[in-house]
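Quick note: the sequence shown uses this note's numbering, first residue 622, plus one each step.
From the three backbone atoms N, C-alpha and C, an ideal C-beta is built for every residue, glycine too.
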Amino acid sequence: MVAVMQNQFAILSTEDLSLLVSKAVEAVLKSQMPRLAERINSPEYFTQEAVCALTGWSRRQLHYRRKKGFIPYCKRGRTVLFRAEQVYAWIEEGYVPAGRSLS
Numbered sequence: 622m623v624a625v626m627q628n629q630f631a632i633l634s635t636e637d638l639s640l641l642v643s644k645a646v647e648a649v650l651k652s653q654m655p656r657l658a659e660r661i662n663s664p665e666y667f668t669q670e671a672v673c674a675l676t677g678w679s680r681r682q683l684h685y686r687r688k689k690g691f692i693p694y695c696k697r698g699r700t701v702l703f704r705a706e707q708v709y710a711w712i713e714e715g716y717v718p719a720g721r722s723l724s
């Protein structure tokens with residue numbers, strides 16, 4: 622196997638390639654494990670209080686965003702719940718990589 626690293630070529634054996642891939646996968650898993658564990662251990666639905674704690678918003682700010690249709694929710698009677706998966710996805714939509722501006 623021939624690999625290009627910073628405009629230089631290196632011939633890798635199958636074992637070396639396997640080791641490189643294993644290390645890369647391990648690094649990605651280590652960086653993502655806390656986030657994955659948080660999601661696995663979180664409830665299926667969040668209360669308004671939980672969403673406020675997660676986002677740092679007040680109840681009034683959450684109510685405004687919910688009424689304007691900015692954040693998905695479920696309502697049964699007077700109980701308002703937010704599906705955890707949708708809340709995380711909604712938060713991720715606003716992700717801005719380091720070094721990038723919002724404009």
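| Item | Value |
| --- | --- |
| Bridge partners - T700, DSSP secondary structure assignment | R697 |
| Residue(s) in a DSSP beta bridge with Y666 | R704 |
| L702 versus F667 - alpha carbon distance | 6 Å |
| Beta-carbon separation (whole angstroms), Y675 vs V708, contact threshold 8 Å | Contrary to the premise, residue 675 reads as Leu rather than Tyr in this sequence. Confirmed, about 7 Å. |
| Within 8 Å, strictly: CB atoms of A631 and E665 | no |
| For A671, the nearest candidate out of L650, Y694, K651, M654 (CA to CA) | Y694 |
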